[in-house]
Amino acid sequence: MKIKVTSIYVDDQGKALRFYTEVLGFAKKVDFSQGPYRWLTVASPEEPDGIELQLALNDNPAAKAYQQAIFQQSQPAIMFFTDDVKGDYERIKARGAEFTKPPTEVTGSTIAMLNDTCGNLIQLTQLARW
Amino acid sequence: MIDRAQYTPGPASGAQIRKDGEKWTLILVRELRHSPEKVWQALTEPAHLREWAPFEADGSLGTFGNRVKLTTVGAPALHVTETTVTRADAPEVLEYNWGDHDMRWELEALGGGTRLTLWTNIGRRFISMGAAGWHICFDVLDRLLAGQPIGRIVGPDARKFGGWQRLSAEYAKQFAIDSPNWPRQGDQES
Numbered sequence: 492m493k494i495k496v497t498s499i500y501v502d503d504q505g506k507a508l509r510f511y512t513e514v515l516g517f518a519k520k521v522d523f524s525q526g527p528y529r530w531l532t533v534a535s536p537e538e539p540d541g542i543e544l545q546l547a548l549n550d551n552p553a554a555k556a557y558q559q560a561i562f563q564q565s566q567p568a569i570m571f572f573t574d575d576v577k578g579d580y581e582r583i584k585a586r587g588a589e590f591t592k593p594p595t596e597v598t599g600s601t602i603a604m605l606n607d608t609c610g611n612l613i614q615l616t617q618l619a620r621w
Numbered sequence: 211m212i213d214r215a216q217y218t219p220g221p222a223s224g225a226q227i228r229k230d231g232e233k234w235t236l237i238l239v240r241e242l243r244h245s246p247e248k249v250w251q252a253l254t255e256p257a258h259l260r261e262w263a264p265f266e267a268d269g270s271l272g273t274f275g276n277r278v279k280l281t282t283v284g285a286p287a288l289h290v291t292e293t294t295v296t297r298a299d300a301p302e303v304l305e306y307n308w309g310d311h312d313m314r315w316e317l318e319a320l321g322g323g324t325r326l327t328l329w330t331n332i333g334r335r336f337i338s339m340g341a342a343g344w345h346i347c348f349d350v351l352d353r354l355l356a357g358q359p360i361g362r363i364v365g366p367d368a369r370k371f372g373g374w375q376r377l378s379a380e381y382a383k384q385f386a387i388d389s390p391n392w393p394r395q396g397d398q399e400s
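Protein sequence lines, in the order shown, are assigned to chains A and B. According to the working numbering, the stretch in the first sequence is residues 492 to 621, in order. According to the working numbering, the stretch in the second sequence is residues 211 to 400, in order.
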């Protein structure tokens with residue numbers, strides 16, 4: 492067994508694909524559909540065969556309630572690791588994303604948080620070198 | 211008696227696409243040798259839908275205002291959407307949604323049979339695959355109505371059919387859109 496994919500719920504898959512590729516800089520990996528079900532994933536260009544992120548349409552009322560609740564608590568729905576959180580912050584901000592937390596030093600890492608415009612907060616994490 | 215193993219879909223026909231802004235609509239027409247009443251029953255009743263449609267319904271789609279859960283058959287994850295029947299003028303016009311697809315069915319009496327038309331919106335990338343899938347569903351529906359059910363052919367079952375690939379390519383050609391690449395790892399086009 493391998494951990495190959497993880498999922499995030501989004502309110503609109505077309506909008507999410509634009510945000511995760513054009514703003515965050517990921518690349519579309521797999522996109523197919525059956526009826527109204529659409530399997531859509533992106534991957535990091537730094538790791539094209541690495542773990543995929545599924546952009547799953549949130550048409551599930553229970554999942555919506557959970558998503559909204561953790562958003563209101565300022566909890567990130569997902570975390571991405573970077574080697575340059577300040578550089579990513581500047582680059583992503585310049586493309587119009589709204590950060591709810593600029594790069595901030597915390598124990599063991601520097602983190603930043605942004606709104607993915609699809610119902611989620613995303614945390615960027617750069618681990619501190621010990 | 212027509213057997214499932216012997217079934218081969220005919221050539222692509224009876225489909226058009228329409229583009230309205232960013233919204234693409236697939237329009238499929240099929241003439242069936244059965245009365246509108248009989249076709250209506252097959253389009254609305256769960257026990258009939260189970261024999262040909264790409265979703266399971268937990269209630270009748272034939273009553274205005276009915277809330278029905280539709281389960282996509284063969285999707286790679288459990289996928290259930292709830293719909294409300296927004297129009298049910300038996301046996302002529304039926305409207306509901308399947309997830310983000312608006313479904314409009316029109317039944318016109320034609321001799322002793324029915325001209326069935328489906329309008330459904332679908333993403334451009336998937337429109338030829340959708341046309342091929344519905345084409346096969348309509349073939350299965352036709353056999354069901356004739357009292358010779360061959361069993362639903364949807365999702366992975368449809369893709370295993372050589373005919374599905376061919377149909378999908380034929381519809382892509384008719385619609386003058388790129389043939390779909392399905393599903394290809396590393397597909398970077400947007």
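Glycine residues also receive a C-beta, built at the ideal position from the N, C-alpha and C atoms.
(message) Short of 7 Å in beta carbon distance, which residues of its chain neighbour residue 503 (chain A), apart from the five on each side in sequence? Order them along the chain.
(response) On the first sequence, residue 503 (chain A) is found 12 positions in, with the first residue counted as 1. Once the five neighbours on either side are set aside, the close Cβ partners of residue 503 (chain A) are 609.
(request) Find out if the Cβ-Cβ distance for the pair residue 262 (chain B), residue 301 (chain B) is shorter than 7 Å. (result) In the second sequence, residue 262 (chain B) corresponds to position 52, counting from 1. In the second sequence, residue 301 (chain B) corresponds to position 91, counting from 1. No.
(request) Would you mind working out which of A:548, A:520, A:510 sits nearest residue 495 (chain A), comparing C-alpha positions? (result) Residue 495 (chain A) sits at position 4 when you count from the first residue of the first sequence. Measuring from the Cα of residue 495 (chain A), the nearest candidate turns out to be A:520.
(message) Using the Cβ count rule (16 or more neighbours within 10 Å means buried), how would you classify residue 377 (chain B)?
(response) The residue you call residue 377 (chain B) lines up with position 167 of the second sequence. Per the 10 Å Cβ criterion, buried.
(request) Select from B:318, B:371, B:346, B:359 the residue whose C-alpha is nearest the C-alpha of residue 241 (chain B). (result) Along the second sequence, one-based indexing puts residue 241 (chain B) at 31. Closest by alpha carbon: B:318.
(message) Given this structure, state the Cα-to-Cα distance separating residue 614 (chain A) from residue 371 (chain B), to the nearest angstrom.
(response) Translated into the one-based positions of the first sequence, residue 614 (chain A) becomes position 123. Translated into the one-based positions of the second sequence, residue 371 (chain B) becomes position 161. Straight-line Cα distance between these residues: approximately 44 Å.
(message) Looking at chain B, is there any beta carbon in it that lies within less than 7 Å of the beta carbon of residue 528 (chain A)?
(response) Sequence index remark: in the first sequence, residue 528 (chain A) carries index 37 (1-based). For residue 528 (chain A), the answer is yes, since a Cβ of chain B falls inside 7 Å of its Cβ.
(message) So, at 7 Å on beta carbons, what are the nonlocal neighbours of residue 342 (chain B) in its own chain, with the 5 sequence-adjacent residues on each side left out?
(response) Reading the second sequence from its first residue, position 132 is the one you call residue 342 (chain B). Here the set comprises 374, 377, 378, 381.
(request) Grab the span of the beta strand (DSSP E) containing residue 617 (chain A) for me, first residue to last. (result) Along the first sequence, read from residue 1 onward, the residue named residue 617 (chain A) stands at position 126. Unbroken beta strand (DSSP E) run through residue 617 (chain A): 612 to 618.
(request) Indicate the three-state DSSP secondary structure (helix, strand or coil) for residue 295 (chain B) in the structure shown. (result) Here the question's residue 295 (chain B) lines up with position 85 in the second sequence. Residue state, collapsed to three classes: coil.
(message) Mapping the DSSP letters down to three states, classify residue 271 (chain B) as helix, strand or coil.
(response) Indexing the second sequence from 1 puts residue 271 (chain B) at position 61. Here residue 271 (chain B) sits in coil by DSSP.
(message) Tell me the DSSP secondary structure of residue 311 (chain B) in three-state form.
(response) Along the second sequence, one-based indexing puts residue 311 (chain B) at 101. Residue 311 (chain B) falls in the strand class under three-state DSSP.
(message) Give the list of continuous beta strand (DSSP E) stretches no shorter than 3 residues that lie fully inside the segment 520 to 588 of chain A.
(response) Fully enclosed beta strand (DSSP E) runs of 3 or longer: 528 to 534, 543 to 548, 569 to 572.
(request) Could you give the DSSP three-state label for residue 222 (chain B): helix, strand or coil? (result) For the purposes of this step, residue 222 (chain B) is taken as residue 12 along the second sequence, with counting starting at 1. Note: residue 222 (chain B) maps to coil in three-state DSSP.
(request) Return the chain-ordered list of same chain residues with a C-beta closer than 6 Å to the C-beta of residue 354 (chain B), the five sequence neighbours on each side being excluded. (result) For the purposes of this step, residue 354 (chain B) is taken as the residue at position 144 of the second sequence. Around residue 354 (chain B): 261, 262.
(request) Check residue 233 (chain B) in the structure and name its three-state DSSP category. (result) Translated into the one-based positions of the second sequence, residue 233 (chain B) becomes position 23. Note: residue 233 (chain B) maps to strand in three-state DSSP.
(message) Strictly under 7 Å for the Cβ-Cβ distance: is residue 535 (chain A) near chain B by that measure?
(response) As a position in the first sequence, residue 535 (chain A) is number 44, starting the count at 1. Taking a beta-carbon distance threshold of 7 Å, residue 535 (chain A) does not count as an interface residue toward chain B.
(message) Mapping the DSSP letters down to three states, classify residue 593 (chain A) as helix, strand or coil.
(response) Here residue 593 (chain A) corresponds to residue number 102 of the first sequence, with the count starting at 1. It is a strand residue.
(message) Using only CA atoms, which one of B:356, B:351, B:334 lies nearest to residue 387 (chain B)?
(response) Counted from its first residue, the second sequence places residue 387 (chain B) at position 177. Distances from the CA of residue 387 (chain B) to each of B:356, B:351, B:334 were compared; the closest alpha carbon is that of B:334.
(request) Spell out a yes or no on whether the segment 588 to 598 of chain A and the segment 525 to 545 of chain A are touching, meaning 3 or more CB-CB pairs, one atom from each, closer than 8 Å. (result) no
(message) Is there a C-beta anywhere in chain A that falls below 7 Å from the one on residue 285 (chain B)?
(response) Stepping through the second sequence from its first residue, residue 285 (chain B) is reached at position 75. Closer than 7 Å to some Cβ of chain A, the Cβ of residue 285 (chain B) qualifies, so yes.
(message) Any beta carbon from chain A within less than 7 Å of residue 264 (chain B)'s own beta carbon?
(response) Residue mapping note: residue 264 (chain B) aligns to position 54 of the second sequence, counting from 1. True, the Cβ-Cβ gap to chain A drops below 7 Å.
(request) Would you check if the segment 214 to 225 of chain B and the segment 288 to 301 of chain B touch, i.e. whether three or more CB-CB distances between them fall below 8 Å? (result) Segments in contact, no.
(request) Using beta-carbon positions only, say whether residue 284 (chain B) and residue 350 (chain B) come within less than 7 Å of one another. (result) The residue given as residue 284 (chain B) occupies position 74 in the second sequence. The residue given as residue 350 (chain B) occupies position 140 in the second sequence. No, the pair does not count as a contact, with Cβ atoms beyond the cut-off.
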